[in-house]
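Be aware that the sequence shown starts at 91, since it is given in the numbering used here, and climbs by one per residue. A virtual CB, placed ideally from N, CA and C, is assigned to each residue, including glycine. What you are looking at is a predicted structure, and each value in this text was computed from that prediction instead of being measured. Working notes, beginning with the structure itself.
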Amino acid sequence: MDVLVINGPNLNTLGTREPDIYGATTLAVIEAGLVAQGAAAGLDVDTFQSNHEGAIVDRLHAASMDGTRFVIINPGAFTHTSIAIRDAFAAVALPFCEVHISNVHAREAFRQHSYLSDVAVGVMAGFGVFGYTMAMDFVIDRLKED
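This is the structure we're talking about:
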């Protein structure tokens, strides 16, 4: 696999969860679009969603052994709380982009800190679900360089 897309807690409820903030697009639609976008560039894309921090850590560990070359992650609320996910990225040494549908920097103070941003290759925030497409475009270009 070339690209792993991870979505954290509550992102499985996209489409119905606070549509004024997150829009009406479902996670299934986002994932299908990313798989197709990657395939058009000759990349194999896998998707994973979990509401459980340990499951995300376990998936990152597995990614270090399954050929994953890049990760796109929307860690959801774990952005602001998870040293464990940060440590997992350090352990597997895989490059990653962090994606947020809303502009977390314009929201509540507790959402303005990310445990991941300073170790991410890039951060897309506030572009709605288009942020995922932007991240995949970046990853495609980056992997072409390798």
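| Item | Value |
| --- | --- |
| Nearest residue (CA-CA) to histidine 170, options Met224, Ala114, Gly132 and His203 | His203 |
| DSSP bridge partner residues for histidine 190 (one or two, in chain order) | Ala215 |
| Cβ contact check for the segment 189-200 and the segment 149-169: 3 or more pairs under 8 Å | yes |
| Cβ neighbour criterion (16 or more within 10 Å) applied to glycine 157 | exposed |
| Touch test, the segment 130-143 against the segment 106-113, Cβ-Cβ under 8 Å, three pairs minimum | no |
| Through-space distance from histidine 195 to alanine 264, alpha-carbon basis | The requested residue 264 is not part of the displayed model; the chain covers only 91 to 236. |
| C-alpha gap between methionine 91 and aspartate 136, whole angstroms | 7 Å |
| Cβ-based burial, methionine 155 [other Cβ within 10 Å; buried from 16] | exposed |
| Whole-angstrom distance between isoleucine 175 and serine 207, CA atom to CA atom | 12 Å |
| Per DSSP, the bridge partner or partners of leucine 47 | Within the shown structure, residues of the chain are numbered from 91 to 236, placing residue 47 beyond reach of any answer. |
| C-beta contact flag for phenylalanine 186 and phenylalanine 217 at 8 Å | no |
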